[in-house]
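To convert, note that position 169 of the sequence shown is 170 in my numbering; the numbers rise steadily by one, no gaps.
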Amino acid sequence: MRFRTLKNMWPKKKLEQFLMVFILCGLPAIYYVLMEIILPELSDYGSPAYVFQLLLGVFLFSNVMSNYVMCILVDPSIDPKLMKSQLERGEHQEDWQKCDQCEILAPPGSRHCWKCGVCVLKRDHHCFFTGCCIGHENYRYFFYFLIYFFLSCAISLTSSSIFIYVLHGGRYQLSMLTDLTPSTSKFKNVHLNSLIMRIIYFKWPDRYEVVFTLVFVMLWIGVCVAAYVAYDQWSRGYICYDFKFQNFPFDRKLRRNFKTFLGRRMRWTWISGFIPSQLDHDGFDLDNHQG
2 MRFRTLKNMW
12 PKKKLEQFLM
22 VFILCGLPAI
32 YYVLMEIILP
42 ELSDYGSPAY
52 VFQLLLGVFL
62 FSNVMSNYVM
72 CILVDPSIDP
82 KLMKSQLERG
92 EHQEDWQKCD
102 QCEILAPPGS
112 RHCWKCGVCV
122 LKRDHHCFFT
132 GCCIGHENYR
142 YFFYFLIYFF
152 LSCAISLTSS
162 SIFIYVLHGG
172 RYQLSMLTDL
182 TPSTSKFKNV
192 HLNSLIMRII
202 YFKWPDRYEV
212 VFTLVFVMLW
222 IGVCVAAYVA
232 YDQWSRGYIC
242 YDFKFQNFPF
252 DRKLRRNFKT
262 FLGRRMRWTW
272 ISGFIPSQLD
282 HDGFDLDNHQ
292 G
């Protein structure tokens, strides 16, 4: 496993830079709001339900961040030293292709990425969220990041909906301000703490209401984006494409197909992105990989 240099980790596109900063800084902020504001109202402090939700939140958040970080750190490009040794030993096949941009002979499934400027081993796609390509070496981390990100957003959205619609009667209230309308208004005895009513009467919303509204919107966006990316991977991604049509190349079964990108310790990789799991082949010649 090789790691990218700090210079190569920073995306070149502004959109990718924004997404990376948002995930690294925004997700911890959202996690803090969920654990400090919502969780204490969902369950009594110290109760079994509270402890379970707390541990679940820590587990999901740690997996989202650890797999995202590893996805960025791991270099998916072709290792020139390993490729050179393959060529010198004559272990390459006739279907290897030449990349005119990198001026190298690349194995099948490898493609040049114009955004990264390198040839990626078993390139799947260029990810806007990580600012790098997803390939043979880092597909495992992208796979788990996508799963845990979707689960985190879906569970958080459900908890937030219970918090806002059940515990707060359909509107989120943290401030106890009253009589926001002029005294002559017929609504002077009505609590107008909701964000919508504040806007109607040109009153600035409470900062906590703004924060929670942004969190709620971000969770909806997160669920939709994660679902779309998962569908896109299932439809076009070459690894998931094999799962969908039971088309396992090189005579691999479903479990062994998972093992090609989850590694030899695939049973433990779901715990954290920081758990090492050596891949059972180098990605150059899948016919000769170990079972």
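Cβ coordinates follow ideal geometry from the N, Cα and C atoms, glycine included.
- Query: Do the CB positions of E293 and M2 come within less than 9 Å of each other?
  - Reply: In the structure displayed, the chain extends from 2 to 292; residue 293 sits before or after that span and is not available.
- Query: Roughly how many angstroms lie between the CA atoms of M36 and L43, to the nearest whole one?
  - Reply: M36 and L43 have their C-alpha atoms some 10 Å from each other.
- Mind checking whether A228 and F151 have CB atoms under 9 Å apart? F151 sits close to A228, with the two beta carbons spaced by under 9 Å.
- Message: Output needed for C154: all residues of its chain with C-beta closer than 7 Å, excluding positions within five of it in sequence on either side, in chain order.
- Response: Closer than 7 Å at Cβ, skipping near neighbours: L220, G223, V224, A227.
- Label G292 either buried or exposed according to how many other C-beta atoms from any shown protein chain fall within 10 Å of its C-beta, with 16 as the threshold for buried. Low confidence applies to G292: its pLDDT is 44, below 50, so where it sits in the model is not reliable, and the reading given next is rough at best. It counts as exposed.
- Message: Going by DSSP, what residue range makes up the alpha helix (DSSP H) through C72?
- Response: 49-74 is the extent of the alpha helix (DSSP H) around C72.
- Message: Can you look up V265 in the DSSP assignment and give me helix, strand or coil?
- Response: The question names Val, but residue 265 is Arg in the sequence shown. Note: R265 maps to coil in three-state DSSP.
- Buried versus exposed call for A107 [16 or more other C-beta atoms within 10 Å across all chains shown]: Buried is the call here.
- Could you check where the beta strand (DSSP E) with C120 kicks off and where it finishes? For C120, the uninterrupted beta strand (DSSP E) segment begins and ends at 119-121.
- Message: Run through the DSSP bridge pairs and tell me what R112 is partnered with.
- Response: The partner list for R112 (beta bridge, DSSP) reads V121.
- Count the other CB atoms, across all protein chains shown, that sit within 10 Å of the CB of S86; report buried if there are 16 or more and exposed otherwise. The residue in question, S86, is exposed, as its Cβ has fewer than 16 Cβ neighbours within 10 Å.
- Task: Look up Q98 in the DSSP assignment and say whether it is helix, strand or coil.
- Result: Q98: strand per DSSP, three-state reduction.
- Item | Nearest-angstrom beta carbon gap, V70 and G274 [assumed within contact, 8 Å] | About 7 Å separates the two Cβ atoms, so the contact holds.
- Return the first residue and the last residue of the alpha helix (DSSP H) that P135 is part of. As written in the sequence, residue 135 is Ile, which differs from the Pro given in the question. Taken as a continuous stretch (DSSP letters only), I135 belongs to no alpha helix (DSSP H), being part of the beta strand (DSSP E) at 133-135.
- Which of helix, strand or coil DSSP assigns to S157: Residue state, collapsed to three classes: helix.
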